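Okay, so here's the structure we're looking at.
Numbering (this note's numbering), first residue to last: 1 to 267.
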């Protein structure tokens with residue numbers, strides 16, 4: 001009897017961790033208006049021996065539903081803290097390394113202890129490590145996950161709400177969640193150059209976040225016009241292909257020695 005292709009794919013994904021097929025890439029984040037490097041977002045990549053490079057949009061949801069996200073997530077956290085220590089040695093002691101954490105991980109009470117241990121083992125400060133959380137369902141943040149988020153914030157770890165405005169986000173979450181930063185989704189950044197309603201909406205989000213004492217980072221920034229508009233709106237940070245795609249660790253460490261970048265000269 002022939003095994004369905006989707007089942008074979010899931011089995012290959014489950015084996016990927018033990019085969020060492022997962023790698024991490026790092027996308028730089030830029031502070032406005034100085035254009036200085038502020039940190040990196042850690043992004044998981046999978047190069048399968050059978051399927052080649054697999055899109056994160058396909059395999060990460062499967063990691064979450066299969067329960068493998070806890071094991072892989074802990075590995076990412078440990079590697080991210082090690083990367084943060086390497087950044088310090090490269091002269092980037094002012095930089096923060098951000099890791100995506102799913103609601104499945106937040107419910108797990110061990111995540112706080114694991115992050116504490118990873119930070120301690122890497123000998124970095126808590127503020128050099130941050131987590132990004134995504135509100136992808138109406139019940140993403142249970143009482144247990146909120147408790148863990150508060151514990152992490154009390155430790156000095158930074159917390160960002162990712163993809164704000166695209167899912168179930170509401171003003172209530174800005175008061176409820178112990179976050180430091182909002183992340184504006186690429187969907188809102190794409191049409192900034194020509195859509196006045198979108199411009200007003202993004203401007204409103206930034207003003208609202210600042211009124212709540214939050215910083216704002218816009219992702220998916222690809223053009224100088226977008227940078228100019230975000231600077232005009234006093235957006236705090238940007239991230240996107242106008243500066244850099246996600247890059248391997250050796251390139252990220254070389255970049256860490258830069259204090260200021262000229263994004264207008266980058267293709």
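Cβ coordinates follow ideal geometry from the N, Cα and C atoms, glycine included.
Predicted model only: the values in this text are computed from it and were never measured.
{"Asked": "Comparing C-alpha positions only, which one of 135, 236 and 99 sits nearest to residue 128?", "Found": "99"}
{"Asked": "Taking the continuous alpha helix (DSSP H) assigned at residue 50, which residues delimit it?", "Found": "Unbroken run through residue 50: none, as it is neither H nor E."}
{"Asked": "Please classify residue 102 as buried or exposed, where buried requires at least 16 neighbouring CB atoms within 10 angstroms.", "Found": "buried"}
{"Asked": "Can you tell me which of 30, 225 and 26 puts its alpha carbon nearest to the alpha carbon of residue 251?", "Found": "26"}
{"Asked": "By the 10 Å Cβ neighbour count, where 16 or more other Cβ atoms means buried, how is residue 248 classified, buried or exposed?", "Found": "exposed"}
{"Asked": "Helix, strand or coil: which one does DSSP assign to residue 123?", "Found": "coil"}
{"Asked": "Does the beta-carbon of residue 237 have 16 or more other beta-carbons within 10 angstroms, so that it is buried, or is it exposed?", "Found": "buried"}
{"Asked": "Once DSSP output is grouped into helix, strand and coil, what is the label at residue 228?", "Found": "helix"}
{"Asked": "In angstroms with no decimal places, state the Cα-to-Cα distance between residue 231 and residue 200.", "Found": "14 angstroms"}
{"Asked": "What first and last residue would you give for the beta strand (DSSP E) that runs through residue 199?", "Found": "It is not in any beta strand (DSSP E) - residue 199 instead sits in the alpha helix (DSSP H) that spans 196-211."}
{"Asked": "Determine the extent of the alpha helix (DSSP H) in which residue 283 is found, giving its start and end residues.", "Found": "An answer regarding residue 283 cannot be provided, because it is not within the stretch 1 to 267 covered by the chain."}
{"Asked": "Taking the beta carbon of residue 42 as the centre, do at least 16 other beta carbons fall within 10 Å, making it buried, or is it exposed?", "Found": "buried"}
{"Asked": "Do you know offhand how far residue 265's Cα is from residue 37's?", "Found": "Note that residue 265 has pLDDT 44, beneath the 50 cutoff, so the model's placement of it is unreliable and the number below is only indicative. If you take the alpha carbons of residue 265 and residue 37, they lie about 15 angstroms apart."}
{"Asked": "How is the beta strand (DSSP E) around residue 218 delimited, first residue to last?", "Found": "215-219"}
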